[in-house]
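Enquirer: Take this structure, written in structure tokens, and hold onto it; I'll ask about it next.
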Amino acid sequence: MRKFVSAVGVSFAAAGLVLGASGIANAADTTFGSGLWFVGDDIASGVYEAHPSGYTSCNWTRYSDKWAEIDDQRTMASTVRVTIQYSDHAFSSFGCGTWKRVADAPAPDMTGAAIGSAVVGSAVVGSAVLPLLVAGSAGL
């Protein structure tokens, strides 16, 4: 019993060191600067603002999970605002200064996809299964 307790204690201590040192336990950041950031891991989804300084252009890009550009902007504006969605895979920026989260991202609209897929699914199932049920019941 004593060996089991000490082994468990060592395991918990090692896990605590790993989690404490790696930063895994920290929530996604709500402020960040230039670079490539993964949504959910590095940064939280939401509405962000940045205030570029000087005469440099602010370049930012939102990426899908297939690394396709969802939105790509280059601006010289003094205030830049972007909405990083829950569904975005990554976000990159250069020359924009520090981004600060100012609001939550709008909730995803699930009604269109749910209704559309149900209608398509029921149409396929309805046309394929219903004739079989009718034909099968006629022979009873």
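Mapping to the UniProt record's numbering: the sequence shown position 54 is 54, numbers consecutive.
From the three backbone atoms N, C-alpha and C, an ideal C-beta is built for every residue, glycine too.
1) Given a cut-off of 9 Å on the beta-carbon distance, is the pair Val80 and Ala50 in contact?
2) Give the range of the beta strand (DSSP E) segment to which Ile84 is assigned.
3) Could you name the residues of the same chain whose beta carbon sits closer than 8 Å to that of Ser53, not counting the 5 residues immediately before and after it, in chain order?
4) Between Tyr55, Ser92, Met76 and Ser57, which has its C-alpha nearest Ile70's C-alpha?
5) By DSSP's criteria, Tyr48 is part of a beta bridge. Which residues make up the other side?
6) Would you kindly report the start and end of the unbroken beta strand (DSSP E) that includes Tyr63?
Expert: In terms of the structure at hand:
1) As a first step, residue 80 must be located in the sequence shown, where it is residue number 80. As a first step, residue 50 must be located in the sequence shown, where it is residue number 50. For Val80 and Ala50, yes; Cβs fall inside 9 Å.
2) Taking the first residue of the sequence shown as 1, we reach residue 84 at position 84. Val80 to Ile84 is the extent of the beta strand (DSSP E) around Ile84.
3) Working through the sequence shown from its first residue, we reach residue 53 at position 53. Listed in chain order, the non-local C-beta contacts of Ser53 below 8 Å within the same chain comprise Gly97, local neighbours out to five positions each way being set aside.
4) In the sequence shown, residue 70 corresponds to position 70, counting from 1. Ranking Tyr55, Ser92, Met76 and Ser57 by Cα distance to Ile70 puts Ser92 first.
5) In the sequence shown, the residue the question calls residue 48 occupies position 48. Beta-bridge pairing links Tyr48 to Val82 and Arg101.
6) Sequence index remark: in the sequence shown, residue 63 carries index 63 (1-based). Boundaries of the beta strand (DSSP E) around Tyr63: Cys58 to Tyr63.
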